[in-house]
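Notes follow once the structure below has been shown.
Number of protein chains: 2
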Amino acid sequence: MPDIKHFDPDAALDTVVGLFWRQGLAATGIQDIVSETGLNRSSLYATFGGKQELYRAALRHYVEQRSRPVLRRLAEDERGLPAVAEFFDGLIRDRCSGAHARWGCMVSNAQAGAEAGDADVRAVLDAQHRELRDAMHAALVTAEARGQLGPGTVPATAADVLALLAHGVNLRSRAGADAQELSRTVTAALECLGSPPTA
Amino acid sequence: MPDIKHFDPDAALDTVVGLFWRQGLAATGIQDIVSETGLNRSSLYATFGGKQELYRAALRHYVEQRSRPVLRRLAEDERGLPAVAEFFDGLIRDRCSGAHARWGCMVSNAQAGAEAGDADVRAVLDAQHRELRDAMHAALVTAEARGQLGPGTVPATAADVLALLAHGVNLRSRAGADAQELSRTVTAALECLGSPPTA
DNA sequence: GTTAACCTGGAACGATCGTTTCAAGATAGT
DNA sequence: ACTATCTTGAAACGATCGTTCCAGGTTAAC
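Protein chains in written order, with the UniProt record's numbering: chain A, 1 to 199; chain B, 1 to 199.
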């Protein structure tokens, strides 16, 4: 029958994610994508549709590949507060060093940009925030069951606080915030939720 | 001598701030600016220079006009924790209702976008974060002197936490977060810093 | 009233934007 | 080998991008 694709769409999408993640939707041109992926305009449009659709696909790809697995691990971790601490450690490490250092989080970036004008994009952003909050909530419920939380700490609202904090980390890391400083800050916030030191 | 400007550059800059604030640098065209301000391309370029310089001027204008006064009020407030609470109340109100509802913070938005690539812009962003952190720190030092802080709360690191939290509020408000929910979350975080309830 | 200095309107610049088109090439079934 | 079907490369589309230029108008000092 027909000819078959001469490239791997998923691998191409990975490359596209990198571009949109780093530069955002408006600042990334089709030419950038063509140059970086190596495939040409025809294949791009035939496979993914236009730029907006390509961005949506890239955003979903990011969430499924980069965000969801980490959140799932957090939600299923049985250790309580140490799981939350480890989550933030990994987050700060990813944001400040390695291949994607200083890129921030593609979801956070999208919320701050004109990308969020698109309804489909907005839906993905809201869903991801809910996942983040729920994963944090699950870990905190575990922590509460293990007696790791202070008397005034309610898992639901504490999860909200930590979710906002994660967004703050994503943002500041892009602007070059020091990893140790971020770590110190997050640690302080977590200690605040825990039991007071043998009061 | 020469002819004089037929418009008020500061008023024009206010309009430009609105555009860049809402849509970011890349998604705002010169044509948008011409249409919205009503002034001509020639006047624009003669007064402000190119687009990049105009964005820088708008960002500085935003910081000086919208951000700095609020931070100054926070830093000089003698009430301690209530001052911090009021700061966040005002922040959430501005972010979720009124003329600039759902616009987020222009500084936060810039950090998440390609705008932060410019060194001059980055310098403004860093300076503003420092101002935010310092103002929060001053208010917390006051709170500590008044005995409003819990035994484990260090003003410096707590200021870092609250600064990150503010960025989180800025981000989530743009995506349509509920004002009451944000308020509840921030209140919980502040209670966490305060003295434990007559323990 | 003349002149020198500046501002404004609007056309126009080349470059790049996202997108489309089409001929040539490649594949799998008959 | 032939054909139907899809992919690929490259050129080209109109639109818009940020920017420049210049003629005409306006101002204030002499």
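For glycine and all other residues, C-beta sits at the position ideal for the given N, C-alpha and C. Model, not experiment: these values are computed from the prediction.
Item                                                                                                                                                                               : Value
Quick check on R60(A) - is its C-beta less than 9 Å from some C-beta in chain B?                                                                                                   : no
In the stretch 164 to 192 of chain B, which residues sit with their C-beta less than 9 Å from some C-beta in chain A, listed in chain order?                                       : L164, L165, A166, H167, G168, V169, N170, L171, R172, R174, A175, G176, A177, E181, L182, R184, T185, V186, T187, A188, A189, E191, C192
Could you check where the alpha helix (DSSP H) with E115(A) kicks off and where it finishes?                                                                                       : Unbroken run through E115(A): none, as it is neither H nor E.
Taking 9 Å as the CB-CB cut-off, is N40(A) touching chain B?                                                                                                                       : no
Can you pull the chain A residues whose beta carbon is under 8 Å from the beta carbon of T157(B), in chain order?                                                                  : R184, T185, A188
Considering just the uninterrupted stretch of the alpha helix (DSSP H) at E181(B), what are its terminal residues?                                                                 : 179 to 193
Looking only at its own chain, which residues have a Cβ that is under 7 Å from the Cβ of L13(A), when we skip the five neighbours before and after it?                             : A57, A58, H61
Is there a C-beta anywhere in chain B that falls below 9 Å from the one on Q23(A)?                                                                                                 : yes
Let me see if you follow: with CB-CB separation under 9 Å, is H100(B) close to chain A or not?                                                                                     : no
With distances taken Cα to Cα, identify the nearest neighbour of T153(A) among V141(A), L164(A), A163(A).                                                                          : V141(A)
Any C-beta of chain B sitting closer than 9 Å to the C-beta of T198(A)?                                                                                                            : With a pLDDT of 42 at T198(A), under the threshold of 50, the predicted position of this residue should be treated as unreliable, though the coordinate-derived value follows. No, because no Cβ of chain B sits closer than 9 Å to the Cβ of T198(A).
Within the same chain, show all residues whose beta-carbon is closer than 6 Å to that of D120(A), passing over the 5 residues directly before and after it, in chain order.        : R56
State buried or exposed for G98(B), treating a residue as buried only when at least 16 other CB atoms are found within 10 Å of its CB.                                             : exposed
Please list the partners that R122(A) has in chain B, where partner means a Cβ-to-Cβ separation under 8 Å.                                                                         : A175, G176
Write down the C-beta distance between L125(B) and A175(A) rounded to the nearest angstrom, noting that I regard them as a contact closer than 8 Å.                                : 5 Å
Check whether the stretch 162 to 182 of chain A and the stretch 102 to 114 of chain A touch, using three or more Cβ-Cβ pairs below 8 Å as the test.                                : yes
Please list, in chain order, the chain B residues whose beta carbon lies closer than 7 Å to that of S108(A).                                                                       : A112, L171
For the UniProt domain "HTH tetR-type" (6 to 66) of chain B, list the beta strand (DSSP E) runs that are entirely contained and at least 3 residues long, ordered along the chain. : none
Closer than 8 Å, Cβ to Cβ, to anything on chain B: give me those residues from the stretch 115 to 148 of chain A, in chain order.                                                  : A116, R122, L125, D126, H129
Which chain B residues sit within Cβ distance under 7 Å of A27(A)?                                                                                                                 : A26, A114
Going by the CB atoms, is the gap between A143(A) and P155(A) shorter than 9 Å?                                                                                                    : yes
In angstroms with no decimal places, state the Cα-to-Cα distance between V34(A) and Q52(A).                                                                                        : 15 Å
Have a look at L39(B) and H6(A) and give me their C-alpha separation to the nearest angstrom.                                                                                      : 51 Å
Between the C-alpha atoms of G95(B) and E36(A), what's the straight-line distance to the nearest angstrom?                                                                         : The sequence shown places Arg at residue 95(B), not Gly. One C-alpha to the other measures close to 37 Å.
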